[in-house]
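Residue numbers (our numbering): 101 to 299. Just so it is clear, CB atoms sit at the ideal spot from N, CA and C, and this is done for glycine as well. Read the structure below first, then the notes.
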Amino acid sequence: MKTLPLQLEEHGLLLESDARLPSIASFVAGTPMKGSWWSHPKGRAIFAACGLLADHPDALITKLVSGKVTYVHRRLWAPLLCVARARETWQTRGLTPKQRALLRRVVTEGRIRADRAGASGRDAAELERRLLVHSRSEHTETGAHQRMLETWDHWAAAAEFRGRKMDPARARALLEKTLAALNERTGAAARLPWQNQAD
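Structural data, given as structure tokens:
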């Protein structure tokens, strides 16, 4: 059986959990995983596997596929960053004044803790869903989990990633091709954020 890093390399995209698409939960459980994996007998092992892959140098985590936690392989980082940084209409249309203010603050500071910015979880999640920010959960000094929001430039600098520049349309096409192949192989109908906005 292949290890998770090899699964990620093979597929390009690996979900935390999904009933059809390749996912960490299904890989660890040994069977397709429907619903929450937290109560599954292998829930602790799934949690541990997610943590190990999160620390892998070839894995980037964001909510890319159908709004779900998605691990993205390094070979797709350049197109992902290109799309995320493009500030296209699908990313900005319909943002509320609070969401725009939060985005301005993230851009100004580079990285902020969402609760200290006075942001609601809904506003932070919307910016993440539109790929306007990178988001991660971190332990605070009190041991609680808090959402950290950062610009993609800040993330790339921290990851020491200098990807090639490309046209946003070409970048979207590369990501769409990767997901289309997974959909075709599994019978899933997953979508990328800009595909949802096109409706």
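By the CB criterion at 7 angstroms, Thr278 and Leu113 fall inside the cutoff. By the Cβ neighbour-count rule, Thr251 is buried, with 16 or more other Cβ atoms within 10 Å of its own. Annotated three-state conformation of Thr251 is coil, per DSSP.
In the three-state reduction of the DSSP assignment, Glu260 falls in the coil class. In this structure, the CA atom of Gly287 is about 29 angstroms from the CA atom of His234. Secondary structure of Lys168 (DSSP, three-state): strand. Remark: C-beta atoms of Leu231 and Ala159 do not approach each other more closely than 7 angstroms.
If you draw a 10 Å sphere on the C-beta of Glu284, you find fewer than 16 other C-beta atoms in it, and that means exposed.
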